[in-house]
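Visitor:
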Amino acid sequence: MIPKASDLSSDKLVHKYADVFNPPGLTNFWGTLQADVDITGIMGLNFPPFTTAHTLTCGIYLNNRFFPSLGLPVAFTWYPDRIVRETEYDGIAITTTTVMPEKKKAAVIKISFQNNSGDEKEISFRLGYQGNVSKHIKQWQFPHPPVDENNNVVVDENRNAILFESSDKNAFNLQGSFPIANSINKFGPSYTIKLNAGDEKSIYYFNIIGSDYDETIHDYDYLVSIRESILNETRKFWDDELKAVFTPGNDRYSGFMPTLFTDDKDILKLYHTGILGTIYFKRDNPYSVYGRAYDTLMPRYWQTVTFIWDYYLSSLVHSLLDPAVQKKYLNIWMEEDVHTHFGTDYLTGGTVGPWYSVNDFAMLTLSNDYLRWSGDFNFTDEKINYKPANSRIDVFTLLTKFAKNWKNFQSSSGLADYGGINNLLECVSTYIHEVAALNAANIYNSRFVSELAKSRGDKSLREEFNQNASFILEKIQSLYSKGKGFWNTRFPDGGLVEVRHCYDFITILNSIPDDLSEIQKTEITNFFINELQTENWMRANSPEDNNAIFSARPDHQWNGAYPAWPPMAVTGLYKIGQSRLAFDWLKGLARSANQGPFGQAHFTDEAYEKESGGARKTPYTQPFLTDWMCSSNGSWANIIIESIFGVKATLFNGISAKPQLEGFDQKSELQNLKYQDKLYNVTAKGIVQTK
Numbered sequence: 000m001i002p003k004a005s006d007l008s009s010d011k012l013v014h015k016y017a018d019v020f021n022p023p024g025l026t027n028f029w030g031t032l033q034a035d036v037d038i039t040g041i042m043g044l045n046f047p048p049f050t051t052a053h054t055l056t057c058g059i060y061l062n063n064r065f066f067p068s069l070g071l072p073v074a075f076t077w078y079p080d081r082i083v084r085e086t087e088y089d090g091i092a093i094t095t096t097t098v099m100p101e102k103k104k105a106a107v108i109k110i111s112f113q114n115n116s117g118d119e120k121e122i123s124f125r126l127g128y129q130g131n132v133s134k135h136i137k138q139w140q141f142p143h144p145p146v147d148e149n150n151n152v153v154v155d156e157n158r159n160a161i162l163f164e165s166s167d168k169n170a171f172n173l174q175g176s177f178p179i180a181n182s183i184n185k186f187g188p189s190y191t192i193k194l195n196a197g198d199e200k201s202i203y204y205f206n207i208i209g210s211d212y213d214e215t216i217h218d219y220d221y222l223v224s225i226r227e228s229i230l231n232e233t234r235k236f237w238d239d240e241l242k243a244v245f246t247p248g249n250d251r252y253s254g255f256m257p258t259l260f261t262d263d264k265d266i267l268k269l270y271h272t273g274i275l276g277t278i279y280f281k282r283d284n285p286y287s288v289y290g291r292a293y294d295t296l297m298p299r300y301w302q303t304v305t306f307i308w309d310y311y312l313s314s315l316v317h318s319l320l321d322p323a324v325q326k327k328y329l330n331i332w333m334e335e336d337v338h339t340h341f342g343t344d345y346l347t348g349g350t351v352g353p354w355y356s357v358n359d360f361a362m363l364t365l366s367n368d369y370l371r372w373s374g375d376f377n378f379t380d381e382k383i384n385y386k387p388a389n390s391r392i393d394v395f396t397l398l399t400k401f402a403k404n405w406k407n408f409q410s411s412s413g414l415a416d417y418g419g420i421n422n423l424l425e426c427v428s429t430y431i432h433e434v435a436a437l438n439a440a441n442i443y444n445s446r447f448v449s450e451l452a453k454s455r456g457d458k459s460l461r462e463e464f465n466q467n468a469s470f471i472l473e474k475i476q477s478l479y480s481k482g483k484g485f486w487n488t489r490f491p492d493g494g495l496v497e498v499r500h501c502y503d504f505i506t507i508l509n510s511i512p513d514d515l516s517e518i519q520k521t522e523i524t525n526f527f528i529n530e531l532q533t534e535n536w537m538r539a540n541s542p543e544d545n546n547a548i549f550s551a552r553p554d555h556q557w558n559g560a561y562p563a564w565p566p567m568a569v570t571g572l573y574k575i576g577q578s579r580l581a582f583d584w585l586k587g588l589a590r591s592a593n594q595g596p597f598g599q600a601h602f603t604d605e606a607y608e609k610e611s612g613g614a615r616k617t618p619y620t621q622p623f624l625t626d627w628m629c630s631s632n633g634s635w636a637n638i639i640i641e642s643i644f645g646v647k648a649t650l651f652n653g654i655s656a657k658p659q660l661e662g663f664d665q666k667s668e669l670q671n672l673k674y675q676d677k678l679y680n681v682t683a684k685g686i687v688q689t690k
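Right, dumping it as structure tokens:
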């Protein structure tokens, strides 16, 4: 089925101030915002290059008390197009609906009061406004957005609004409400309303950002004039967006996703959530120097940066849904030395951060996925402006370079030393140097380029890469901990250090599953069950690991996991014949989608109690510092396409499918799967070309 926005809601999540909770966010494909743990408040309304940083605004005071101080719980329900919040105060039900209108630098909140007390009620309230608006092009290459705390503030009494102007006078923020308040000052408007028993009354809050005064006023007046239709129009926009995602020839993406038909509601929602968790990072920002971009985290951190690592983890979705943008990113990243950065910023086009050791593997995986699904093999002959050499180099030559780069880091053991903590997992201090995962990835890299060389008739190069793969495969066995199912890392002094981390588990199972012995597969499976698997999530690091003491960050430590690690564990288990173990676990993992798209990390049950039956999203506060949502959500879609339906899309030998539907709906069907300009349907019986 093709989902609608109403199909993809979170459960109702009830929280109050200071709970362990990461409140939901929204996007309109330019900007983002995040709800506060409050009935009305929003924070971080940013439309790069325009920003209010993490500023909180529209906090409500009920009968002169700031809402969080009342200790009242708020029920949050997230939808792709809106955030609905509900609470009750003195017999009055308060419901707010927050949206971000299409193609506007704006947020709108409908605030409704319904008297359920049975008696006449009078309620006084005021809204507290803050601005801190500014415009910056070059200051976004850091985790937090820039901020201007010296705004000029003017009360616009005619509009019942407050205008915030940046100190550079190049950014404006107008916040107001309708109908007109009883009074307004520089802190916000004040209302007193009377409600008969059963009555409901509403006001609207508007927050508009502009590059100049006239634009800001124009957009504010326009949104006030269409206030009654904004919620419905935003819902229609998102329903149309979701329809486009699954429609061949749509006008919003350069490709489309296959449509899943099944009676298994858990797996259906998981598939849709994985896709939604990728498109939610689409940024059609007119200030982008290279057009459409895909962000990495939202709504708090790195708001203009695409990390190569995270983008590649959703590579299958990008290859099918928006291959033109994927090709563009390959071009952009191939122009630079991938050993000097972890990603790029779309406002400047510049590189950001230190290099991640995964980059060669990520670039080759992205290239493999783009080529095998699109069939655009002419891409390998296209010329790239390779800046480090100040010359134009064809793509195939650069791919061979990526596949050989491991030799630049080769140690006396024969394996590559991938450096220190900042090049790898950042919060596992022993997962450094000669790690098994990325050395196994070099086998994948070598085999991929060998296959390309074969298609080009280059026997010598093909043999070189086959020999490289065999050499690494032999050497990597020295890192395996026999009988224990995990891998060691080797330090520069030659000593082996135990690392019971999931990254070796998931990368090796997905890169070289057929090269593992049956004994290794059994031991690795047992290690996963005993030390990594939980009922509805997984531990990134084993609680038995010596490094579990090092960090509390839950994306890579014992207390949780990054959102791509569980789906990669599932696909890896399928590849070593553990499909039933994987599917049964997947049903538990699906419950974590009850909170909306997956966050940058979720807690394990022993670290913190479940949220609505699933693994709780981790908060942005210290010491966890994780965002509400991460772009690697797309890795969940891989499970349905390549594991459950068993689709194998090759570079040059066609497409096939060996469905593994044990435990799953036997009547399920995957329709409109595009492979090299042809369409296919997949059922329990296999794959059939339809067009």
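Residue numbers in the sequence shown follow numbering that gives the first Met the number 0, run continuously in steps of one, and reach 690 at the last position.
Quick reminder that beta carbons are idealized off the backbone N, C-alpha and C, glycines included.
Could you check if A323 is buried or exposed, using at least 16 other CB atoms within 10 Å of its CB as the buried criterion?
Guide: exposed
Visitor: Could you check the C-alpha separation between P79 and S8 for me, to the nearest Å?
Guide: 7 Å
Visitor: For the alpha helix (DSSP H) containing M333, name the first residue and the last one.
Guide: Judged by DSSP secondary structure, M333 falls within the alpha helix (DSSP H) whose first and last residues are P322 to M333.
Visitor: May I have the straight-line CA-CA distance separating S591 from T272, to the nearest angstrom?
Guide: 11 Å
Visitor: Quick check on the burial criterion: 16 or more other C-beta atoms within 10 angstroms. Buried or exposed for M537?
Guide: buried
Visitor: What is the rounded straight-line gap between the Cα of G595 and the Cα of P542?
Guide: CA-CA distance, G595 to P542, rounds to 28 Å.
Visitor: What are the start and end residues of each continuous beta strand (DSSP E) run of 3 or more residues lying completely inside the segment 11–66, in chain order?
Guide: 12–14, 24–26, 31–34, 41–45 and 58–61
Visitor: Just tell me which of K235, P178, N487 and Q532 has its CA closest to the CA of W584.
Guide: Q532
Visitor: Quick one: Cα of N525 to Cα of I505, how far?
Guide: 14 Å
Visitor: Please work out which residues of its chain come closer than 7 Å, Cβ to Cβ, to F644, disregarding the five sequence neighbours upstream and downstream, and give them in chain order.
Guide: Excluding five sequence positions before and after F644, the CB atoms of its chain that fall closer than 7 Å to its own CB belong to A656, P658, L669 and V681, given in chain order.
Visitor: Starting from S655, follow its DSSP beta bridges and name the residues at the other end.
Guide: For S655, which the question treats as bridged, DSSP gives the partners K647.
Visitor: Going straight from the alpha carbon of D368 to that of G349, what length do you get?
Guide: 25 Å
Visitor: Going by beta carbon distance, what residues of the same chain come within less than 6 Å of T689, once the five residues before and after it are set aside?
Guide: L678 and N680
Visitor: With a floor of 3 residues, list each beta strand (DSSP E) that falls wholly inside the segment 128–216, ordered by position along the chain.
Guide: 151–155, 160–164, 171–177, 182–184, 187–194 and 199–209
Visitor: Among S123, P67, P144 and S5, which residue has its Cα nearest to the Cα of R81?
Guide: S5
Visitor: Under three-state DSSP, which class holds M297?
Guide: strand
Visitor: Here's the rule: buried if 16 or more other CB atoms are within 10 angstroms of the residue's CB, otherwise exposed. What is R691?
Guide: No answer is possible for residue 691: the residues shown for the chain start at 0 and end at 690.
Visitor: Which one of K109, P247, G30 and I278 has the shortest CA to CA distance from E199?
Guide: K109
Visitor: Within 10 angstroms of its Cβ, does A614 collect 16 or more other Cβ (buried), or is it exposed?
Guide: Buried: at least 16 other Cβ atoms inside 10 Å.
Visitor: Alpha carbons only, please: which of F549, I475, N535 and A560 is nearest the one belonging to L515?
Guide: I475
Visitor: Taking the alpha helix (DSSP H) that T521 falls in, what are its first and last residues?
Guide: E517 to F526
Visitor: Let me confirm a value: V153 is counted as buried when at least 16 other C-beta atoms fall within 10 Å, else exposed. Which label applies?
Guide: exposed
Visitor: Measure the C-alpha to C-alpha separation of H217 and N441 and round it to an integer number of angstroms.
Guide: 56 Å
Visitor: Taking its Cβ as the centre, do 16 or more other Cβ atoms sit within 10 Å of Q556, making it buried, or is it exposed?
Guide: buried
Visitor: Is it buried or exposed for I548, if we count other Cβ within 10 angstroms and need 16 for buried?
Guide: exposed
Visitor: Check whether the Cβ atoms of S634 and F280 lie closer than 8 Å to each other.
Guide: Not closer than 8 Å, so no.
Visitor: Between which two residues does the beta strand (DSSP E) carrying N384 extend?
Guide: K382 to Y385
Visitor: Which one or two residues does DSSP pair with F75 in a beta bridge?
Guide: L12 and R84
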